[in-house]
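Take a look at the structure set out below.
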């Protein structure tokens, strides 16, 4: 039981600790609101006692005014709580979005093996569940707990029997937590996982809608049917646990209500309580039962919040790139030494890359991709070393090191934004004349000028505003506009041969070291490095 419960509750506490000051303020308001709410039965008791005198008095009028003001004041405190919670929700959204945006580009490639990053990014939507869950958790749960504690204290003053009622509440919660908490938490996680599988499949169907339109064999419906069945199975399992918890609460509610009415009535008949005390006690008991009901229903919120935290931590717990030491601006990348670099996928002979070299790495796509990852510090080689200027690549700041590099991969995609943003990534120092110059060099300026808004043309992935050729070359031009000292390019981005020739010439003229991969040898102008099997 402890294995799942304590981490789950601890994670919620850790999350709330970030807004500790606001949380304490909410609790202060909850305490005052709880005291006011439970003082109302005492006021009603006094009013009933005064009414038994069968005459209107100033005391009766004052009590009515005080009770009414108490209700209004308690409501005002709840409004203040809502303001604070709204502020917490906004900060949670902002904090989570920036945390994920910071982390995702820095996650180690090995952490994403067999993972699809866009699908992993869908976990961000759990922040909505967190926002809704925290509102219930911070409003209902503290108020319910305080009402129960203060109510039991107040009832014990009427008669010792009511202390037994308090023990029954404790036993009820122990039974609920002991036998259902862990199961409900596990089932909630299973439900969430199956939900994301459905969401991912919908995403895949949308991505391949043309192919599915032509296929016409209903694979999308059949696959969705399987995933939805799995989701419904896990959801039903989770609901059955929640229902069993509520059944326990209903049985307790009925038993306690009947018992307290009977015993309270007997106490009145035996003149151990007066009518006013009996009515006040029953009001308090009803408030307590209502609070218990809120707590039981609040368990579902705890499960939802815990699950949302777990899903967000699927990204948060991924290891990030190494980032040690700093790279001074004066340091030279060259010569770059590759020493005994080999893995299960590739084996590269010892190699020295000098400034201005133009190299064609020949081999299987997967192998050349791995080599690029090692040379750019995206992956760390377990066997072999990569040195530049006498220092191993992983002893320097990778962020600074990558400032000198350009990397163009076939997986790259344009993002929703202007053509200018896609080409420059809004880097400071890039001028419009630089962009036009490189577009002219690669014979793309005419196409840009035909666009209604030129470089400010808004483009989207898989759109039809720009040609496929321009879309492919955006990534190459983006890397060149960075003015790197060393550029890694997969051959697909240098097709046809005319662009390869332009790329080779451009990098030579600008003293950019070029490393281009391919399955076959490309040009006699390039130094050939073959990746062994």
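Residue numbers (the numbering used here): 29 to 561. From the three backbone atoms N, C-alpha and C, an ideal C-beta is built for every residue, glycine too.
> From residue 541 to residue 157, what distance separates their C-alpha atoms?
Replying inline: Against the chain shown, residue 541 aligns to sequence position 513. Against the chain shown, residue 157 aligns to sequence position 129. Taking the straight line joining both Cα atoms gives about 49 Å.
> Does DSSP put residue 388 in a helix, a strand or coil?
Replying inline: Mapped onto the chain shown, residue 388 falls at position 360. In the three-state DSSP reduction, residue 388 falls in the strand class (E or B).
>> Please return the same chain residues whose Cβ sits closer than 7 Å to the Cβ of residue 211, not counting the five positions on each side in sequence.
In response: In the chain shown, counting from the first residue as 1, residue 211 sits at position 183. If we look at residue 211 and ignore the five residues flanking it on each side, its Cβ neighbours are 269.
> To the nearest whole angstrom, what separates the beta carbons of residue 222 and residue 186, a pair I think is in contact under 8 Å?
Replying inline: Here residue 222 is taken as the residue at index 194 of the chain shown, counted from 1. Here residue 186 is taken as the residue at index 158 of the chain shown, counted from 1. 50 Å between Cβ atoms; not a contact.
> Which word fits residue 443, buried or exposed, when buried means at least 16 other C-beta atoms lie within 10 angstroms of its C-beta?
Replying inline: To locate residue 443, count along the chain shown from 1; it is residue 415. Counting every other CB atom within 10 Å of its CB across the protein chains shown gives residue 443 a total below 16, marking it as exposed.
>> With the cut-off set at 9 Å, would you say residue 505 and residue 470 are in Cβ contact?
In response: Here residue 505 corresponds to residue number 477 of the chain shown, with the count starting at 1. Here residue 470 corresponds to residue number 442 of the chain shown, with the count starting at 1. Cβ distance < 9 Å, so residue 505 and residue 470 count as in contact.
>> Could you tell me the alpha carbon to alpha carbon distance between residue 74 and residue 91, rounded to whole angstroms?
In response: The residue you call residue 74 lines up with position 46 of the chain shown. The residue you call residue 91 lines up with position 63 of the chain shown. Computed Cα separation, rounded: 8 Å.
> CA-CA distance, residue 343 and residue 150?
Replying inline: In the chain shown, the residue the question calls residue 343 occupies position 315. In the chain shown, the residue the question calls residue 150 occupies position 122. Distance between the alpha carbons of residue 343 and residue 150 is about 10 Å.
>> Within a Cβ cutoff of 7 Å, which residues of the same chain sit near residue 314, ignoring the five residues on either side of it in sequence?
In response: The residue you call residue 314 lines up with position 286 of the chain shown. Cβ neighbours of residue 314 beyond the five flanking positions: none.
>> When you compare the CB positions of residue 560 and residue 376, do they come within less than 9 Å of one another, or not?
In response: Looking up residue 560 in the chain shown gives position 532. Looking up residue 376 in the chain shown gives position 348. Closer than 9 Å, so yes.
>> Using the Cβ count rule (16 or more neighbours within 10 Å means buried), how would you classify residue 100?
In response: The residue given as residue 100 occupies position 72 in the chain shown. Flag for residue 100 reads exposed.
>> Which residue wins for smallest C-alpha separation from residue 378, given the options 389, 51, 384, 366?
In response: Reading the chain shown from its first residue, position 350 is the one you call residue 378. Residue 366 is the option with its Cα nearest to residue 378.
>> Between residue 300 and chain D, is the shortest Cβ-Cβ distance under 9 Å, so that the two count as touching?
In response: No chain D appears in this structure, which consists of one protein chain only.
> So what's residue 506 in DSSP terms, helix, strand or just coil?
Replying inline: As a working mapping, residue 506 is identified with position 478 in the chain shown. In the structure shown, the three-state DSSP call for residue 506 is helix.
> What are the partner residues of residue 76, as DSSP defines its beta bridges?
Replying inline: Numbered from its first residue, the chain shown carries residue 76 at position 48. Answer is none; residue 76 lacks a bridge partner.
> Among 44, 196, 512, 239, which has the Cα closest to the Cα of residue 115?
Replying inline: Residue 115 sits at position 87 when you count from the first residue of the chain shown. Comparing Cα positions, the closest option is 44.
>> Taking the alpha carbon of residue 293 as the reference point, which residue from 277, 310, 280, 545 has its own alpha carbon closest?
In response: The residue you call residue 293 lines up with position 265 of the chain shown. Closest option to residue 293, Cα to Cα, is 310.
>> Give me the residue from 77, 111, 106, 70 with the minimum Cα distance to residue 94.
In response: Against the chain shown, residue 94 aligns to sequence position 66. Among 77, 111, 106, 70, the Cα nearest to that of residue 94 is on 70.
> Relative to the C-alpha of residue 39, which residue among 285, 86, 341 is closest?
Replying inline: Numbered from its first residue, the chain shown carries residue 39 at position 11. Of the candidates 285, 86, 341, 341 places its Cα closest to the Cα of residue 39.
>> Tell me which residue opens and which closes the beta strand (DSSP E) that residue 367 is part of.
In response: Locating residue 367 in the chain shown gives position 339, where the first residue counts as 1. It spans 364-367 - the beta strand (DSSP E) in which residue 367 sits, taken as one unbroken run.
> Do you know offhand how far residue 174's Cα is from residue 302's?
Replying inline: Reading the chain shown from its first residue, position 146 is the one you call residue 174. Reading the chain shown from its first residue, position 274 is the one you call residue 302. If I take the Cα positions, the gap works out to 27 Å.
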